[in-house]
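Below is one structure, written out as C-alpha cells; comments come after it.
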Amino acid sequence: MSTINDRPNVEEKIGRALADGDLDYRSSAINAVIALGCVSIEEKVADAVFRLKYANDAHSYRDAVKAVSGMAKSLDARHNWRMKDHAAMAAEVVKYWLCDLCPSCTGIGAQAITGTPVLGTYCLACRGSGKRDYPWQEMGRAARYYTETLWALEEAERRIRGKLIDKLAHEIRDSGVLR
Ligand SMILES: [Zn+2]
C-alpha cells in the first residue's frame with residue numbers, strides 16, 4: 000500500500016475527498032458503485048472498511064467489524080472452523096488491517112542507508128513484505144482462521160478499490176478534486 004515517494008495514491012485522494020466532503024459518499028457515483036456490488040457480503044465489507052481506512056470515517060469502525068464478523072461467519076460455515084467468537088476475531092483482524100506496516104521499515108520493505116537516496120537490502124524484520132507480523136501467529140490452529148479472514152478482507156478491499164477507481168476516474172477528474 001505504501002509507496003516510496005510521497006505522492007498520495009488514488010485511494011488516498013479519494014479518501015481525502017470523501018473526508019473533506021468534496022465527494023458525498025451517499026449521493027455521489029460512489030453510492031451507485033457500492034449499490035452495484037452490494038449483492039455479496041464481501042462488497043458490504045469492502046464498503047465499510049474502505050470508508051474506515053481511506054476516508055478516516057471513525058463511524059465506520061463498528062460497521063467494519065460487524066461486516067468482517069459476518070464474513071468470518073460465512074467462512075466458518077463453509078470450512079467448518081467452529082470458532083466461538085467471530086466478533087472478537089473480526090476486531091483483531093480489522094485492527095491489524097488498519098495498521099499492518101512493519102515498524103522496522105515503516106512498510107517500505109527495505110533498509111534505508113543513511114545519507115543515500117538509494118534503498119539498501121530488504122528489511123530483515125518483515126523479509127521485504129513491508130508488513131508487520133500477525134499478532135495472532137502464536138494462536139495455534141485458530142491463527143489460520145484469522146489469517147484467512149484477513150485475506151478475504153484484503154481481497155474484498157482490492158475488488159472494491161478497482162471498481163471505485165474505474166468508475167470514479169471520470170467524475171473525479173471532471174470535478175477537479177485531484178488537482
Ligand atoms: Zn520491514
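Residues 0 to 178, numbered by numbering that gives the first Met the number 0, are exactly what the sequence shown covers, in order.
For each residue, glycine too, the CB sits at the ideal point set by N, CA and C.
No experiment lies behind these values; they were computed from the predicted model shown.
Inset, instruction - Could you tell me whether any non-hydrogen atom of ligand 1 is closer than 7 Å to the CB of A57? - result: Outside the cutoff, so no.
Inset, instruction - Please list, in chain order, all residues with a C-beta atom less than 6 Å from at least one heavy atom of ligand 1. - result: C101, S103, C104, G108, C122, A124, C125 and G129
Inset, instruction - Could you check if L51 is buried or exposed, using at least 16 other CB atoms within 10 Å of its CB as the buried criterion? - result: buried
Inset, instruction - Return the chain-ordered list of same chain residues with a C-beta closer than 6 Å to the C-beta of L100, the five sequence neighbours on each side being excluded. - result: Excluding the 5 residues flanking it on each side, L100 has same chain C-beta neighbours closer than 6 Å at G106, in chain order.
Inset, instruction - With DSSP collapsed to three states, give me the class of T105. - result: Three-state DSSP puts T105 in coil, outside helix and strand.
Legend entry - Cβ neighbours of L123 in the same chain (closer than 8 Å, five flanking residues each side left out): S103 and Q110
Legend entry - the stretch 81 to 97 / the stretch 127 to 136 touching (three or more Cβ pairs under 8 Å): yes
Inset, instruction - Consider the C-beta atom of C122 and the heavy atoms of ligand 3; say whether any pair is separated by less than 7 Å. - result: This structure does not include ligand 3; its bound ligands are ligand 1.
Inset, instruction - Kindly indicate the opening and closing residues of the alpha helix (DSSP H) around M88. - result: H85 to L97
Inset, instruction - Can you give me the Cβ contacts of E147 inside the same chain, cut-off strictly under 7 Å, excluding the 5 residues immediately before and after it? - result: L74
Inset, instruction - Taking only the alpha-carbon atoms, compute the straight-line gap between G129 and G108 and give it to the nearest angstrom. - result: 4 Å
Inset, instruction - Give a yes or no on whether the C-beta atoms belonging to L149 and W80 are separated by under 8 Å. - result: no
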